[in-house]
Amino acid sequence: MDHAELGRFLRTRREALLPSDVGLTPGDRRRTPGLRRAEVALLADVSVDYYERLEQSRGANPSEVMLAGLARALRLTSDERDYLYRLAGHAPPAGPVAGPCVEPGLRFLLDSLTTVPAHIVDDLAGLVAQNELSTALFGPWTQRPGRQANAVWRWFTEPDTRMRDFGETDEATGRAYVAGLRAAAAARGHDVVVRGLITDLSARSAEFAAYWEKMEVEPNRSTTKTLHHPQAGALDVHCEVVVSATNSHRLIVLRPEPGSGTAERFEALRVQAVR
Numbered sequence: 021m022d023h024a025e026l027g028r029f030l031r032t033r034r035e036a037l038l039p040s041d042v043g044l045t046p047g048d049r050r051r052t053p054g055l056r057r058a059e060v061a062l063l064a065d066v067s068v069d070y071y072e073r074l075e076q077s078r079g080a081n082p083s084e085v086m087l088a089g090l091a092r093a094l095r096l097t098s099d100e101r102d103y104l105y106r107l108a109g110h111a112p113p114a115g116p117v118a119g120p121c122v123e124p125g126l127r128f129l130l131d132s133l134t135t136v137p138a139h140i141v142d143d144l145a146g147l148v149a150q151n152e153l154s155t156a157l158f159g160p161w162t163q164r165p166g167r168q169a170n171a172v173w174r175w176f177t178e179p180d181t182r183m184r185d186f187g188e189t190d191e192a193t194g195r196a197y198v199a200g201l202r203a204a205a206a207a208r209g210h211d212v213v214v215r216g217l218i219t220d221l222s223a224r225s226a227e228f229a230a231y232w233e234k235m236e237v238e239p240n241r242s243t244t245k246t247l248h249h250p251q252a253g254a255l256d257v258h259c260e261v262v263v264s265a266t267n268s269h270r271l272i273v274l275r276p277e278p279g280s281g282t283a284e285r286f287e288a289l290r291v292q293a294v295r
């Protein structure tokens, strides 16, 4: 059980909530952000002293029933709840970690997508397969050695390449990468690969370290964004995420936004790539 990390996680989640988020009235003026410890204890049906000991890392060992109450009180997402359980030594069932080999069904879907960019990533954001348009848009990522094929590593260790390789620079993308990595780390448990990646990223990037301290937990989800390509220009896409049913691979499909002209630009990239 990681008492220190558990305490920090509970505190950051408590401070992120407003009384109105949990059906409480604000009351008198508050000197600190978020809920009070007594309010969380009331919502979770635990004593204030016990909850304070949890936050202050003073040796409390919560049961699964108590963790469930805390997760409800703090309005945790399912991924944050799982992270809480693992910190307390009650790891929920974890899905299998995928290797570099892509399952046939996911590979078939990737190969069937010829008019939009698509690629397959593992749970740590490492690219393991690309279709032709993904390669035309981002370059041959799967041919890069080691961590050079990992999007999180490249984003934080080579920030000058963000626009060139990713077509974007916004803070939301970096925070999403970190939240996804935290979710993957929780699912993997004491895995030397992910722990080494986190340690090295923290040492190499103050930006990564700052986002990591926020303790946000969320696997990669579908999102809308605008990419920029030196030849194709602005590309308005919706990133669809298809999760493998058997392992931690994800198929990322860049669906063009209707009426944006992105579909036509994809076609121009495709024609150029096959010449």
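When we follow our numbering, the leftmost residue of the sequence shown carries the number 21, and every step to the right adds one. Quick reminder that beta carbons are idealized off the backbone N, C-alpha and C, glycines included. Just so you know, these numbers come straight off a predicted model, no measurement behind them.
Legend entry - residue 248 - containing beta strand (DSSP E), residue span: It spans 243 to 249 - the beta strand (DSSP E) in which residue 248 sits, taken as one unbroken run.
Inset, instruction - Drop a sphere of 10 angstroms on the beta-carbon of residue 282, count the other beta-carbons inside from all chains shown, and report buried for 16 or more, exposed for fewer. - result: Buried, because 16 or more other Cβ atoms sit within 10 Å of the Cβ of residue 282.
Legend entry - Proximal residues to residue 292 (C-beta, below 6 Å), its chain only, five neighbours per side dropped: So no residue of the chain qualifies.
Legend entry - Residue burial classification, residue 34 (beta-carbon count within 10 angstroms, cutoff 16): Result: buried.
Legend entry - Burial state of residue 170, where buried means 16 or more other Cβ atoms lie within 10 Å: Its Cβ being crowded by 16 or more others within 10 Å, residue 170 is buried.
Inset, instruction - Please state whether DSSP places residue 271 in a helix, a strand or coil. - result: Strand, per DSSP.
Inset, instruction - Output the distance between the C-alpha atoms of residue 221 and residue 22, rounded to the nearest integer angstrom. - result: Going from the Cα of residue 221 to the Cα of residue 22 covers about 21 Å.
Inset, instruction - Go ahead and pull the three-state DSSP assignment for residue 146. - result: In this structure, residue 146 counts as strand in the three-state DSSP scheme.
Inset, instruction - Compare the C-alpha of residue 231 against each of 193, 252, 263 and name the closest. - result: The residue with the shortest Cα to Cα distance from residue 231 is 193.
Inset, instruction - Find the nearest neighbour of residue 122 within the set 108, 112, 143, judged by alpha-carbon distance. - result: Here the closest residue by C-alpha is 143.
Legend entry - residue 278 burial status per 10 Å Cβ neighbour count (16 or more: buried): Exposed: under 16 other Cβ atoms inside 10 Å.
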